[in-house]
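Chains as they are written, first to last, in the numbering used here: chain A, 1 to 385; chain B, 386 to 777. Using N, Cα and C, we set each Cβ at its ideal position, and we do this for glycine too. Structure first, commentary second.
Pasting the structure below:
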């Protein structure tokens, strides 16, 4: 067991910190804090600066715009983005999720066409899975793709999709044939979103990240944009979901929220009041344990391994702690804790007020807590149906 | 970054697990416990079993944390945490934990301090030591500042007077490490248990273990009996306690895993409404959540052990180790009560029976969750440590 970072990994972290501290980055982050309601804080410019150095996708091969580093450096990037307060959802969807699909199953032509642009910060891709009647049970999806002789016409509605308002492409799960089972006949397409037959509109929710509804009404997609096997994407979707399920993106949020609480409590003297301080150290231990679970999985990925049960545990654990952190952040301040960042007098700049609105989504997205418990019970403990 | 245990640690784990499976199965564990309310009355095979202890010591489990100069074998706190977890899984009660902690203090004092010559015996299991720290009205095992047991000057040496409580295996050990107030400050004395003026009475507690109260009536002690410097106990004890807490957190993780394994097995076999009760999500989801929490606690204890091994080189001020140790032990202590209470619930009335395993885990959790600090005391310490490093 060796829980230390290599000198090279430490140096990458220091380089990132120095970059995020640059005035050009800080200036943008200050601007983002002043975003109006319903305008999502996101900066493609910061991504592009990272992309210039191969840092937006540090673990990708250099030929695809990465820096040829490992899963460890990719995780360090996520930690440091969160620490600096750089919005990361576009990065998660484009690089960590869709990029991973292309690395796993893309053709050489697809890799060349999409990966360098994504790694440069010039292309945004979102994920189009969920439908009005298909959530946790994704294999029940009903969006159809019909072959018209040259390509495919897509019909169906995708909802609750994040970052699609910024995206040029969406990775859509569709049904290309009625198979023998509901797992057969599923195909993934990279759908150009700014074309005829695609309607995008916001579904406003309580968090600061917008949901999108994407109506596909005869949107045409070339067969060159099929990712993975025609009719046979189900297994690929599950492979990618489990690789993506490290808990990393959740843990970095928990750390950021709790650090804000600790800093605030130190300033107000509440850190030494056991009524607040005890809850803080309880959560601090949980976030620390969550960090270790995440890094355990990252180190597995670095070796090309993955324990799906451990990954489900990490996702479950790192998101369940969220509601307690958000609740403490609000409670600690009393009613002032419910002031939003647009009020001007919100403690912690409204970060924990926003966390309270965001955290119910964390135990739902990328596999609900119930699905995680099901995986742990069925696969790990070999119990349950 | 690599979380995998080394081959040596894996082998150590297997060795311990096989030892307990062969020499200390669940029924042996039940037989070793005294009857409820038995006080000092020992039935056959109850209490400390010297033959079993010798066989356990022969595995090398007492050498792990000792320096080479004192017969140590170098797997360190990481190795000790592995052993502690297997002890917890098997619920084996022995002087192992306190002997390792006392040896830590002896080692810190160096070859000139008391007990260095005993370390060879410690490594072989021939010399066992119990920590005598707690007192009436002084239930915080971290606090040496207000001790009522005193060592007053008498001739060239001291006499120790007062009462210590909750001394594990106080009847069975060879030596006692006694924290006493002196005019110089808190001081650790290492004395043979059969020295004059020492009276031992076994307590009767939920765990049915081997806690004793010990009365010291003008027990003589010399300067040569002092581990470390007169008045200098606080620093070495705090460091040893932090490492002991990490090992104890690992022990509790093992206890939790043992209770969970027993419960999974039972709920797969027990049928109601025509199916195994484990197939109901009302059961399986709760077990899955506990499994994830155990995994979290195991990671935190493992991190503590890793920090503990780095804490020997003198480069660290122990701040992180003490904070993680307190946090990990508070987490493991809360979890042990949660897991064992759920285990009782899922076993139904059967879990209460004397011949059932869940009640043993449940009773041990009551004692072991508090042994090196209650979760509240531990959080108090962690809070102060966090505040000391918080952004200004």
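Exercise for review: Please name the residue in 406/B, 434/B, 405/B whose C-alpha comes closest to that of residue 419/B.
Suggested key: Working through the second chain from its first residue, we reach residue 419/B at position 34. Checked all of 406/B, 434/B, 405/B; the closest Cα to residue 419/B is 434/B.
Practice item. Residues of the stretch 405-421 of chain B with a CB closer than 8 Å to any CB of chain A: list them in chain order, please. Key: none
Check your understanding: Since residue 390/B meets chain A, which of its residues come closer than 7 Å, beta carbon to beta carbon?
Key -> Position 5 of the second chain, counted from the first residue, corresponds to residue 390/B. Those are 1, listed as they occur along chain A.
Practice item. Please name the residue in 432/B, 754/B, 598/B whose C-alpha comes closest to that of residue 639/B. Key: Numbered from its first residue, the second chain carries residue 639/B at position 254. Residue 639/B has its Cα closest to that of 754/B, out of 432/B, 754/B, 598/B.
Review point. Does residue 278/A have its Cβ less than 8 Å from a Cβ in chain B?
Key: What you label residue 278/A is simply residue 278 of the first chain in a count that begins at 1. At least one chain B Cβ lies under 8 Å of residue 278/A.
**Study point:** the stretch 747-762 of chain B / the stretch 707-719 of chain B touching (three or more Cβ pairs under 8 Å)
**Key:** yes
**Study point:** Range covered by the alpha helix (DSSP H) that runs through residue 330/A
**Key:** The count along the first chain starts at 1 and reaches residue 330/A at position 330. Note, residue 330/A: alpha helix (DSSP H), 308-331.
Exercise for review: Return helix, strand or coil for residue 364/A, following the three-state DSSP convention.
Suggested key: As a position in the first chain, residue 364/A is number 364, starting the count at 1. Residue 364/A falls in the coil class under three-state DSSP.
Check your understanding: How about residue 577/B and residue 480/B: are their beta carbons less than 8 Å apart?
Key -> For this step, residue 577/B is matched to residue 192 along the second chain. For this step, residue 480/B is matched to residue 95 along the second chain. For residue 577/B and residue 480/B, no; Cβs fall outside 8 Å.
Check your understanding: Anyone know if the C-beta pair for residue 508/B and residue 575/B falls short of 8 Å?
Key -> Here residue 508/B refers to the residue found at position 123 of the second chain. Here residue 575/B refers to the residue found at position 190 of the second chain. No. Outside cutoff.
Exercise for review: Tell me whether residue 547/B is buried or exposed, calling it buried when 16 or more other Cβ atoms sit within 10 Å of its Cβ.
Suggested key: Taking the second chain and counting its residues from 1, the one referred to as residue 547/B is at position 162. So residue 547/B counts as buried.
Check your understanding: Between which two residues does the beta strand (DSSP E) carrying residue 334/A extend?
Key -> For this step, residue 334/A is matched to residue 334 along the first chain. Per DSSP, residue 334/A belongs to no beta strand (DSSP E) and is neither H nor E.
Exercise for review: Pick helix, strand or coil for residue 597/B, following the three-state DSSP scheme.
Suggested key: Within the second chain, numbered from 1, the residue matching residue 597/B stands at position 212. The answer is strand: DSSP assigns residue 597/B an E or B state.
Review point. Within 8 Å (strictly less), CB to CB, does residue 348/A reach chain B?
Key: In the first chain, residue 348/A corresponds to position 348, counting from 1. Chain B contact via Cβ: absent.
Review point. What's the gap between the Cα of residue 488/B and the Cα of residue 516/B?
Key: One-based indexing of the second chain puts residue 488/B at position 103. One-based indexing of the second chain puts residue 516/B at position 131. Taking the straight line joining both Cα atoms gives about 10 Å.
Practice item. Tell me where the beta strand (DSSP E) around residue 221/A begins and ends. Key: In the first chain, counting from the first residue as 1, residue 221/A sits at position 221. 211-221 is the extent of the beta strand (DSSP E) around residue 221/A.
Exercise for review: Identify the continuous alpha helix (DSSP H) that holds residue 706/B and give its terminal residues.
Suggested key: Within the second chain, residue 706/B is the residue found at index 321, counting from 1. From DSSP, the alpha helix (DSSP H) with residue 706/B extends over 704-732.
Check your understanding: Counting Cβ pairs closer than 8 Å, one from the stretch 409-427 of chain B and one from the stretch 454-472 of chain B, do we hit at least three?
Key -> no
Review point. So does the stretch 462-477 of chain B actually touch the stretch 680-692 of chain B, counting three or more Cβ pairs closer than 8 Å?
Key: yes
Practice item. Return the residues of the stretch 629-655 of chain B that lie within a Cβ-Cβ distance of less than 8 Å from chain A, sorted by chain order. Key: 649, 652, 653
Practice item. Taking all protein chains shown into account, decide if residue 396/B is buried (16 or more other Cβ within 10 angstroms of its Cβ) or exposed. Key: In the second chain, counting from the first residue as 1, residue 396/B sits at position 11. Its Cβ having fewer than 16 others within 10 Å, residue 396/B is exposed.
**Study point:** Assigned secondary structure, residue 183/A (DSSP; H/G/I helix, E/B strand, else coil)
**Key:** Locating residue 183/A in the first chain gives position 183, counting from the first residue. Of the three classes helix, strand and coil, the one that applies to residue 183/A here is coil, per DSSP.
Point to revise | CB contact check: residue 672/B to chain A, cutoff 8 Å | key: As a first step, residue 672/B must be located in the second chain, where it is residue number 287. At least one chain A Cβ lies under 8 Å of residue 672/B.
Exercise for review: Report the rounded CA-to-CA distance for residue 386/A versus residue 206/A, giving the unit in angstroms.
Suggested key: The displayed coordinates of chain A run from 1 to 385. Any statement about residue 386/A would go beyond what the structure contains.
Review point. Is it buried or exposed for residue 204/A, if we count other Cβ within 10 angstroms and need 16 for buried?
Key: Residue mapping note: residue 204/A aligns to position 204 of the first chain, counting from 1. Exposed, since its Cβ has fewer than 16 Cβ neighbours within 10 Å.
Review point. Excluding sequence positions up to five away, which residues of its chain have a Cβ less than 7 Å from the Cβ of residue 775/B?
Key: Working through the second chain from its first residue, we reach residue 775/B at position 390. Cβ neighbours of residue 775/B beyond the five flanking positions: none.
Check your understanding: Should residue 429/B go down as buried or exposed, given a rule of 16 or more other Cβ atoms within 10 Å for buried?
Key -> Translated into the one-based positions of the second chain, residue 429/B becomes position 44. With fewer than 16 Cβ atoms within 10 Å of its Cβ, residue 429/B is classed as exposed.
Practice item. Please indicate yes or no: does the CB of residue 150/A lie closer than 7 Å to some heavy atom of the ligand COA? Key: Summarising the ligand content, the structure contains no ligands, and the ligand COA is consequently not present.
Point to revise | Environment of residue 694/B [buried if 16+ CB atoms lie within 10 Å] | key: In the second chain, counting from the first residue as 1, residue 694/B sits at position 309. So residue 694/B ends up on the buried side.
Point to revise | Inter-residue spacing [alpha-carbon to alpha-carbon] between residue 555/B and residue 536/B | key: Position 170 of the second chain, counting from 1, holds the residue named residue 555/B. Position 151 of the second chain, counting from 1, holds the residue named residue 536/B. Those two C-alpha atoms are separated by around 20 Å.
Point to revise | Own chain residues within Cβ distance below 6 Å of residue 363/A, not counting five before or after | key: Here residue 363/A refers to the residue found at position 363 of the first chain. Only 319, 369 meet the Cβ criterion.
Exercise for review: Identify whether residue 586/B lies in helix, strand or coil by the three-state DSSP scheme.
Suggested key: For the purposes of this step, residue 586/B is identified with residue 201 of the second chain, where counting begins at 1. In the structure shown, residue 586/B sits in a strand (DSSP, three-state: E or B).
**Study point:** Sequence-distant residues of the same chain with beta carbon closer than 6 Å to residue 602/B, five excluded per side
**Key:** The residue given as residue 602/B occupies position 217 in the second chain. Excluding sequence neighbours, residue 602/B sits near 582.
Exercise for review: Would you give the residue range spanned by the alpha helix (DSSP H) that residue 136/A belongs to?
Suggested key: Here the question's residue 136/A lines up with position 136 in the first chain. Taken as a continuous stretch (DSSP letters only), residue 136/A belongs to no alpha helix (DSSP H), as it is neither H nor E.
Review point. To which residues does DSSP link residue 567/B through a beta bridge?
Key: Locating residue 567/B in the second chain gives position 182, counting from the first residue. Partner(s): 570/B.
Review point. DSSP on residue 70/A, reduced to helix/strand/coil?
Key: Translated into positions along the first chain, residue 70/A becomes position 70. Three-state result, residue 70/A: coil.
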